[in-house]
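A.B. asks: Counting the sequence shown from 1 gives a position; my numbering is that position plus 333.
Note that the Cβ used here is the ideal one computed from N, Cα and C, for glycine as well.
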Amino acid sequence: MEITDIKIRKIMTEGRLRAVVSITIDGMLAVHDIKVVQGEERLFIAMPSRKDENGVFRDIVHPILPDARKMIEESILDAYQKHLALAEIEAQEAAAAGNV
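(1) To the nearest angstrom, report how far apart Asp-411 and Phe-377 are at their CA atoms.
(2) How big is the Cα-Cα spacing for Asp-338 and Lys-415?
(3) Could you round the C-beta distance between Ile-393 and Ser-382 to whole angstroms and report it? I think they count as a contact, below 8 Å.
(4) Can you tell me the Cβ-Cβ gap for Lys-368 and Val-389, rounded? I've got them flagged as a contact below 8 Å.
(5) If you draw a straight line from the C-alpha of Arg-402 to the C-alpha of Leu-350, how long is it?
(6) On the three-state DSSP scale, how would you describe Asp-392?
(7) DSSP has Arg-383 in a bridge; who is on the other side?
(8) Using the beta-carbon count (16 or more within 10 Å), is Ile-356 buried or exposed?
(9) Determine which residues share a DSSP beta bridge with Asp-338 and list them.
(10) Taking the CB atoms as reference points, tell me whether Ile-336 and Ile-397 lie closer together than 8 Å.
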């Protein structure tokens, strides 16, 4: 299994939810609404879910093996960090251009 595309759909700056992400697996399967969440000690991902009739959230899609979850999480968090770094560089360049 290979993640062939990661799209950072939305970035949040307040609250624990930091981003909403979509991934494409093997160029054939898209998974939308994966959340990047700030936990007590680290960032983690939450797979797409919905609330059942008892008010419990259940994953709609999720990796079966721990290694698969780790690979997906690492790939998403790496893309998220790169996205933030690029946005910071662009903001600095824009600020520098405005001061010239």
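C.D. replies: Concretely, from the data shown:
(1) One-based indexing of the sequence shown puts residue 411 at position 78. One-based indexing of the sequence shown puts residue 377 at position 44. Each residue's Cα considered, the two are about 11 Å apart.
(2) The residue labelled residue 338 in the question sits at position 5 within the sequence shown. The residue labelled residue 415 in the question sits at position 82 within the sequence shown. The alpha-carbon atoms of Asp-338 and Lys-415 are separated by roughly 14 Å.
(3) Within the sequence shown, numbered from 1, the residue matching residue 393 stands at position 60. Within the sequence shown, numbered from 1, the residue matching residue 382 stands at position 49. Right, their Cβ atoms sit about 6 Å apart.
(4) Within the sequence shown, the letter at position 35 stands for residue 368. Within the sequence shown, the letter at position 56 stands for residue 389. Not confirmed; about 17 Å, so no contact.
(5) Walking along the sequence shown from the start, residue 402 turns up at place 69. Walking along the sequence shown from the start, residue 350 turns up at place 17. Cα to Cα, Arg-402 sits roughly 19 Å from Leu-350.
(6) Here residue 392 corresponds to residue number 59 of the sequence shown, with the count starting at 1. Reduced to three states, the DSSP call for Asp-392 is strand.
(7) Walking along the sequence shown from the start, residue 383 turns up at place 50. Bridge partners of Arg-383: Arg-391.
(8) Your numbering for residue 356 matches position 23 in the sequence shown. Buried: at least 16 other Cβ atoms inside 10 Å.
(9) Start at 1 with the first residue of the sequence shown, and residue 338 comes out as number 5. Bridge partners of Asp-338: Thr-357.
(10) Residue 336 sits at position 3 when you count from the first residue of the sequence shown. Residue 397 sits at position 64 when you count from the first residue of the sequence shown. Going by C-beta atoms, Ile-336 is not nearer than 8 Å to Ile-397.
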